[in-house]
Amino acid sequence: MNTESDPVTTAIEEISTRSDAPERSARASATSDDSLHEQLERVWRRRPGVLGRLASTNHKDVGLRFIVTAFVFFALAGVLALVMRLQLAKPGNTLVNPDLYNQLFTTHGSAMMFLFAVPVMEGMGLYLVPLMVGARNVAFPRLMAYAYWTFLASGILLFGGLAMNIGPDMGWFGYVPLSGPEYSPGKRVDLWSQMITLVEIASMALAVDIIVTILKLRAPGMSLGRMPLFVWTQLVTGFMVIFAMPAVALGSTLLTLDRLTNVGTHFFNVAEGGDAILWQHLFWFFGHPDVYIIFIPATGFISSIVAAFCRRPVFGYTPLVLSIIAIGFIGFGVWVHHMFVTPIPDLGQGMFTAASMMIVIPSGVQIFCWTATFWLARRVHVRTPLLFVLGFFATFVIGGLTGVMLASVSIDTQVHDTFFVVAHLHYVLIGGAIFPLIGAIYFWFPKFTGRMASEGWGRVSFWLLFAGFHMTFYPQHHLGFHGMPRRIYTYGAETGWGYLNLLSTVGAFTLGLGVLTFATNLLVSLKRGPRAGPNPWGAGTLEWAAASPPASYNFAYPPTCHGREPVWENPPDAPVITGLSTDKRELLCTTLMDAAPDHRYAVAGNSLWPLALAIPTATALITGGMFHPAGAVYSAVGVAVALCGWFWASGGRKGQEGGGPLTKD
Amino acid sequence: MAKGDVDIAAALVAAALAGPLACEREDCELRVDPSDAEPSLATRTSGLYPGPHAEDPSHLVRTALAPRPLVNQKNERNAYALSEGKRLYSAYNCRGCHANGGGGMGPALMDDGWIYGGKAEQIVETIVKGRPGGMPAFGGRIPEFQVRQIAAFVRSLSGNVAGDAAPSRDTRGHLGGWVIDPQSIKPGTRMPQHNFAPEDLHALLDYLQSLK
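For the protein sequence lines, the chains are A and B, in the order given. According to the numbering used here, the first sequence holds residues 14 to 678 in order. According to the numbering used here, the second sequence holds residues 158 to 369 in order.
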């Protein structure tokens, strides 16, 4: 790296010559490293006890909470899928009745899409982005904590509802008029639409948090062109969330207003001049970008894993970044391909077919860049995380090909609402997002916990998941071609679907065994795994420069960045940040494009206000949206109180709400 | 973090333990007993009926010892049954004579007066057998489970069923439309048009909605 002409190095030198900075760094060097660590730990750690946990605003605490909670929902929704597969294992089965079956597939779909896939990707971003950009926390720590509590509330609402026989039963995309008051009486759809609104609040809050963290808190020197690909994917995903989620939150609110007896609007009531297709547009304007919101972070995992195990930067940084951005844009222009059987003008059908096929181009560019990385690598180290990436290639390419088939109107109308669509969507979502995600969990598990997961059991879990997955979903392509509709609770023996369904059920249980192996491996390794150093894989991004698990403040001396893989490329004498306060939680803000040091910024410390705000938020939606609109009005009092507490002026003490004096544990 | 996970797990377990609170309001009986799917005939004398489940003899004989409960309680507490009743009320053109419960050619159903009795089994009998003075007999034309759903809905019109299960979208505006411009809602209806002052109209609607 040519440091002489580097404007950022100049800027770093400038900031270190500011009036108070030399004094501070002098003080830092006067004290030993140990007392610096102790001082930082005192400021940045969470308070002990249950209340301390509830008040934590550390991005690693909350990020892990998001990941673990989302995986709990994943497991629950997976169990529902196993029950469905058992029901379909043979013709005329009577294990579950049609009413329960409707609730099962709706809860499964809603939980997987809303409570697992999006939150887990954002949780990974929450944990890793600040580490990768060399920051000590996210930009808005309390917003992040608030997002977690609303997310948790929505998950409890959905699964609690299913346990109380109020599970939604109209399919995860809640089409009106089926989900309207005439055909979905009771509280089931009300519960679903409040769950949607709550979880979208969480997603949007996190997106804002991650975007600002990326744009303003990058280590000096990490210009946009040096950002790790993972961080690029999180940035694009964040913007997609901000543009996509309001559509479905609006839709769920309109649906609530239509359904509430005391409000009774007619947005979707055709009999009174409403528009049922409006719902589909609102939903899919969110729903299809959502697929990329799930897939794009997964490409970030893949780039990180491929670079680490090929021991070289990923080939084609610029085309990869451009294709991520291109997917982000084109992803908003394809939603009508879910609606080809509604009356869409021919021109519209053509346009959305073209856009749906066009998205193959940037996806293909990504695949070729990764392939080229393997080709150019001197040696490829095939460890568990990389196995999952290889599994991704095999699976996602098949899912992509059926996606091109479904983009064609003529094929789509033939197989619409059949198991072919079920097979396709599981190939792209499990193949495209869950395989890389599980690989990423294995990859960053040493960073999260300080211990290595078992390699042998990791391989076992991969082969179980891979074989189980294809055994489950490949036969469903054929079932779809043979006319088996999705969402039927049983079928007659004369259809001849029994054999392939049984195969699919056996596969589903293999898949379940794979998930169980994966979970057991992690739980056992958490206690017994060998200790991991800071950088067990020899990877190049900044999170590997922190300890494993990272200290509460991430870096005692936040690093600067001199290349796209700073751990590999930074010179040994690369400057570090020393001017930050050790008395309060202070971050260094840098400029948007070049990441030149700009100013110091104190972030909020531990706080219970996010929880105090999330409770009336959830109460407002649940009481107001499910029972009587007055519930929202009364809960608004709680919201107002919590917001006053949240925004109460701290009188210059911002960021000093730390963990307090260290006690000997 | 491990303790935090335990907290989360505890919350989920608590949610699962709320399961016993399951309410029959939400049940959806999407597949009815084959005997109920038969057109209702008031003269049924035997519990035997044909059906597809020949391999399971318990379906063939509904024991005469346990007569069919005529009280329609389950339907009256069940949101799905009431909603279906409301849909069928329109589909079988009950509203042709009874309008939306306010009455037309036929008597009003949303007041508290009953000519032939307002109990569930009496309403079922009225629908199946018909009544003198114009009420046709629908026996043999409407499946039995639907008759009971309609009866439950009819009782909901006069506020005789649980409020939290009653069907929605009978809005104030819809009701007001019937008072001030009935032709716009049901062309050709014999309900006369009434011109109320706004405050009088609202007082009337308050009263009408209180009946529900």
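Just so you know, even glycine gets a beta-carbon here, dropped at the ideal spot from N, CA and C. What you are looking at is a predicted structure, and each value in this text was computed from that prediction instead of being measured.
Taking Cβ-Cβ distances below 8 Å as the criterion, which residues of the segment 170-188 of chain A are in contact with chain B? Answer set for the segment 170-188 of chain A: Phe172, Gly173, Ala176, Met177, Asn178, Ile179 and Asp182.
In this structure, what does DSSP give as the bridge partners for A:Asn567? A:Ala564
Integer Cβ distance of A:Leu228 from A:Leu593, believed to fall under 8 Å: Not really, about 19 Å apart at Cβ, beyond 8 Å.
Under the three-state reduction of DSSP, which class applies to A:Glu599: helix, strand or coil?
strand
- A:Asn115 classed as buried or exposed, judged by whether at least 16 other C-beta atoms fall within 10 angstroms: buried
At the level of alpha carbons, what is the spacing between A:Gly65 and A:Ser421?
54 Å
>> Strictly below 8 Å CB to CB, what residues from chain B border A:Arg201?
In response: Glu183, listed in chain order.
**Asked** Is the CB-CB distance between A:Gly651 and A:Pro629 below 7 Å?
**Response** In contact: A:Gly651 and A:Pro629 (Cβ atoms closer than 7 Å).
Among A:Ala311, A:Val589, A:Ile372 and A:Gly668, nearest to A:Asn619 - alpha-carbon criterion | A:Gly668
DSSP-derived helix/strand/coil call for B:Ala323
Coil at B:Ala323, not helix or strand.
Can you name, in chain order, every residue of its own chain whose Cβ lies under 6 Å from the Cβ of A:Gly344, other than the five neighbours on each side?
Pro302 and Tyr305
Meets three-Cβ-pair contact criterion under 8 Å: the segment 511-519 of chain A and the segment 446-457 of chain A
no
Straight-line Cα distance separating A:Ala94 from A:Ala130:
16 Å
**Prompt:** Comparing the C-beta of B:Ala221 with each C-beta of chain A, is any distance below 7 Å?
**Reply:** Caution applies to B:Ala221, whose pLDDT of 41 falls short of 50 and renders its modelled position unreliable; the model cannot decide the point.
Point to revise | Counterpart residues of A:Ala615 in DSSP-defined beta bridges | key: A:Glu599
Would you call A:Leu389 buried or exposed, if buried means 16 or more other Cβ atoms sit within 10 Å of its Cβ?
-> exposed
Check your understanding: Per DSSP, B:Met292 forms a beta bridge with which residues?
Key -> Secondary-structure assignment with DSSP links B:Met292 through a beta bridge to B:Arg288.
Just tell me which of A:His394, A:Arg472, A:Gly416 and A:Gly287 has its CA closest to the CA of A:His490. A:Gly416
CA-CA distance, A:Ala284 and A:Thr278?
-> 12 Å
Any chain A beta carbon closer than 7 Å to B:Met249: Contrary to the premise, residue 249 of chain B reads as Tyr rather than Met in this sequence. No, B:Tyr249 lies away from the interface with chain A (no Cβ there is under 7 Å from its Cβ).
- Beta carbon proximity, B:Tyr104 to chain A, threshold 7 Å: The structure shown does not extend to residue 104 of chain B, since chain B is modelled only from 158 through 369, so no value can be given for it.
Closer than 7 Å, CB to CB, is B:Ser240 near chain A or not? By this cut-off, B:Ser240 is an interface position.
**OP:** Just list the beta strand (DSSP E) runs in the segment 30-112 of chain A, keeping only unbroken ones of 3 residues or longer that don't cross its boundaries, in chain order.
**Re:** none
Determine, using beta carbons only, whether A:Asp47 comes closer than 7 Å to chain B. no
CB of A:Pro563 within 7 Å of CB of A:Val589, strictly: Not in contact: A:Pro563 and A:Val589 (Cβ atoms no closer than 7 Å).
- Message: What does the Cβ neighbour count give for A:Phe660, buried or exposed, with the cut at 16 atoms within 10 Å?
- Response: Classification of A:Phe660: exposed, given that the 10 Å Cβ count is below 16.
Mind pulling the chain A residues with CB within less than 7 Å of B:Ala236?
Pro198 and Gly199
- Message: Is there a Cβ of chain A sitting closer than 7 Å to that of B:Leu372, yes or no?
- Response: Residue 372 of chain B cannot be examined here, being either before or after the span of chain B that is shown, 158 to 369.
- List in chain order: all unbroken alpha helix (DSSP H) runs of 4+ residues lying wholly within the segment 438-473 of chain A. 448-462
Name, please, each residue of chain B whose Cβ falls closer than 8 Å to the Cβ of A:Asp112.
-> Asp184, Cys185, Glu186 and Leu187
How about A:Leu477 and A:Thr530: are their beta carbons less than 7 Å apart?
yes
Within 10 Å of its beta-carbon, does A:Thr523 have 16 or more other beta-carbons around it, so buried, or fewer, so exposed? buried
**Message:** Relative to the C-alpha of A:Cys4, which candidate in A:Leu333, A:Asp271 and A:Thr386 has its C-alpha closest?
**Reply:** Residue 4 of chain A is absent from the model: chain A starts at 14 and stops at 678.
message: Measuring only the C-alpha atoms, how far is A:Gly404 from A:Gly313?
response: 16 Å
Whole angstroms is fine: what's the gap from A:Tyr128's alpha carbon to A:Val528's? Correcting the residue identity first, residue 128 of chain A is Leu in this sequence and not Tyr. A direct Cα-Cα distance of roughly 18 Å separates A:Leu128 from A:Val528.
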